[in-house]
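To keep things clear, I will list the structure first and then write my remarks on it.
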Amino acid sequence: MSKVETPVVVTLPDGAQKELQAGETAADLAKSISEGLYRNCVGALINDEIKDLHTPLHTGDKVKLLTAKDEESLELLRHSTAHVMAEAVQSVFPEARIAIGPTIKDGFYYDFEIPEHTLSIEDLEKIEAKMKEIAKENQQIVRFDIPDVDKQLDEFRKDGEKFKAELLEEHRDHNPTLYLMKDKDGKVIWNDLCAGPHLPSTKHIKAFKLLKVSGSYWRGDENRENLQRIYATAWWSKQDLDDHLTRLEEAEKRDHRKLSKQLDLFSVHEEVGPGLIFWHPNLATVRDTIEDFWRKEHRKRGYQFVYTPHVASEDLYKISGHLENYAENMYAPMDIDEHPYRCKPMNCPGHIMIYKTKLRSYRDLPLRYAELGTVYRYERSGVLHGMLRVRGFTQDDSHIFCTPEQLKGEIDGILDLIDTLMTTFGYTYKCYLSTRPEKYLGTDEEWELATSGLEDAMKDRGIDYEIDEGGGVFYAPKIDVKLFDAIGREWQGPTIQVDLNLPRRFDVSYIGEDG
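Count the sequence shown with the numbering used here and you get residues 2 to 516, in order.
If you want it as structure tokens, here you go:
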């Protein structure tokens, strides 16, 4: 008797269910709905993950078919355009060896090693022209499961692709895949080690621009190979591309490093070290004005100001867990009186130490501490950027000690403070509620209390927010506030966390009503 295959049943965004044959893909689903959708479909969101069109579907899958109208499809477009760029670079410069090429906000980059050649603006024009040729050729982009890792490693090494070989060796046990670029006859023209996802073909790639070249290091390690990084952007239409390039021009006019030279604002000195900022009188005056306003608003809301040391015994960061989980971002220890000390990476432990100086009662709560605390964090020199990525900075940091019953009211007060501070400086903003991740500390009841406190406070204030499911840190659900500036750029703003970790580590307590 022949075996009857059980049909596959998937759910579409509107809740409708669609039946397919076993082994059929997202492309087959699109075709079964309409020829027009099939022609325009570029990928699929399967169970909230972006996937290729050729991905097989299974019963229970939630599927959203993606076209150029969907924001998620930009990830596919940019990832595939990055591959087209790498193919073009190796066509123009056959001696080039490729490293990695991820998507980033509004675009992508790719790192290359090109012996004895520094890329120029003229080179970018040649590469861009070659990319346009590749796009017009309608090369098929095909996923290929590597059947024999050792054989593929030999091929990479024979071709001089040492970076690909290194990555494949690391990921050999994780079902590694190649993405192949094939011509109309099915011949493989180019390939890269990649997990995907990608567009089905290069015909969808129409509007892109190579922006600039910068230096980088393989794996961000200053002791490894020097590479050249090409930054680029890609959009579904020329109009979207032109609008983005206009935004970049406006951002260039507002580059704080250029403004600093024009207005004498700040400086960085080789003798002192990268990422350590000197505030000149003009900028210090601006800072003083902002700090005065900050203090006034906090004082109105019952905050008490504290100051904590810039260095502390390593023991403090063992208790807090920073040494265990954050050491690579901390400055190296200093030996003082034969005991290791560290520059402060966070203000939280210091505020807890102040709280613990005496026994607290529920009558003392809430206690609101605020500090303009200077912290020091190690960043690789390659990622330092003016005043945006630094090694020492001052954080407006507050910690509130309260009872569970007071939690929602305190969150409401913080949201009011955030609104006052942000709108005073002309920012619009959006809130995101990040919920419990897969791995977490604390009980389900604690997470429910903390998360509902955050969510209810936003609902009561009529705040429009999105839920970032599973996006909380392991010790706390949180509200992330994203700011939008005058030209629409998004910036990470304030964060409200309900910490379920540090109170346990430091044995923080108070005497309740029941004694």
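Cβ coordinates follow ideal geometry from the N, Cα and C atoms, glycine included.
For clarity, every value in this text was computed on a predicted model and none was experimentally measured.
Distance, residue j Cα to residue i Cα
i: Leu277; j: Gly383; result: 14 Å
i: Arg288; j: Lys440; result: 40 Å
i: Ile464; j: Thr452; result: 15 Å
i: Glu272; j: Trp280; result: 16 Å
i: Thr444; j: Phe164; result: 44 Å
i: Arg255; j: Phe507; result: 44 Å
i: Asp53; j: Ala28; result: 9 Å
i: Tyr363; j: Ile512; result: 6 Å
i: Thr56; j: Ser74; result: 15 Å
i: Glu167; j: Asp62; result: 35 Å
i: Leu78; j: Arg173; result: 27 Å
i: Leu317; j: Leu455; result: 29 Å
i: Pro504; j: Pro350; result: 10 Å
i: Tyr430; j: Val482; result: 7 Å
i: Leu266; j: Asn283; result: 6 Å
i: Leu368; j: Glu76; result: 45 Å
i: Asp457; j: Leu450; result: 10 Å
i: Leu13; j: Ala371; result: 48 Å
i: Trp80; j: Ser202; result: Before going further, note that residue 80 is His rather than Trp in the sequence given. The straight-line gap from Cα to Cα measures roughly 12 Å.
i: Val10; j: Gly24; result: 12 Å
i: Ile34; j: Phe109; result: 33 Å
i: His118; j: Glu96; result: 10 Å
i: Asp184; j: Lys207; result: 18 Å
i: Ser121; j: Ser215; result: 10 Å
With 16 other Cβ atoms within 10 Å as the buried cut-off, status of residue i
i: Tyr476; result: buried
i: Ser238; result: exposed
i: Ala252; result: exposed
i: Met335; result: exposed
i: Asn192; result: buried
i: Arg230; result: buried
i: Gln493; result: exposed
i: Tyr304; result: buried
i: Ile488; result: exposed
i: Glu339; result: exposed
i: Phe426; result: exposed
i: Ser321; result: buried
i: Ser435; result: buried
i: Ile419; result: buried
i: Ile105; result: exposed
i: Ala31; result: buried
i: Phe209; result: buried
i: Asp15; result: exposed
Backbone secondary structure at residue i - three-state DSSP
i: Arg230; result: strand
i: Tyr218; result: strand
i: Pro177; result: coil
i: Phe294; result: helix
i: Thr375; result: strand
i: Ala83; result: helix
i: His205; result: helix
i: Gly494; result: strand
i: Met2; result: Residue placement at Met2 is flagged as unreliable, the pLDDT there being 45, under the threshold of 50; the coordinate-derived value follows with that caveat. It is coil, neither helix nor strand.
i: Lys359; result: coil
i: Lys183; result: strand
i: Lys213; result: strand
i: Ala235; result: strand
i: Asp289; result: helix
i: Ser268; result: strand
Residue range of the unbroken alpha helix (DSSP H) whose run includes residue i
i: Tyr476; result: No alpha helix (DSSP H) holds Tyr476; DSSP gives it neither H nor E.
i: Glu447; result: 445–461
i: Pro504; result: 503–506
i: Ser321; result: 315–321
i: Arg343; result: Taken as a continuous stretch (DSSP letters only), Arg343 belongs to no alpha helix (DSSP H), being part of the beta strand (DSSP E) at 340–344.
i: Glu467; result: Looking at the DSSP string, Glu467 is not in any alpha helix (DSSP H); the run it does join, the beta strand (DSSP E), is 466–469.
i: Asp500; result: No alpha helix (DSSP H) holds Asp500; DSSP gives it neither H nor E.
i: His257; result: 257–264
First through last residue of the beta strand (DSSP E) which encompasses residue i
i: Cys432; result: 429–435
i: Gly102; result: Per DSSP, Gly102 belongs to no beta strand (DSSP E) and is neither H nor E.
i: Asn192; result: 189–194
i: Met354; result: It is not in any beta strand (DSSP E) - Met354 instead sits in the alpha helix (DSSP H) that spans 349–356.
i: Asp336; result: 335–337
Beta carbon proximity, residue i to chain C, threshold 8 Å
i: Leu58; result: Of the protein chains in the structure, only one exists, and it is not chain C.
Quiz item: Can you give, in chain order, each stretch of the beta strand (DSSP E) that sits fully within the region 115–181 and has at least 3 residues?
Solution: 141–146
Practice problem: Quick one: which unbroken alpha helix (DSSP H) runs of 4-plus residues sit fully inside the region 8–77? Chain order, please. | Solution: 27–34, 36–41
Exercise. Could you pull out every unbroken beta strand (DSSP E) segment of at least 3 residues lying fully inside the region 386–428, listed in chain order?
Key: 393–402
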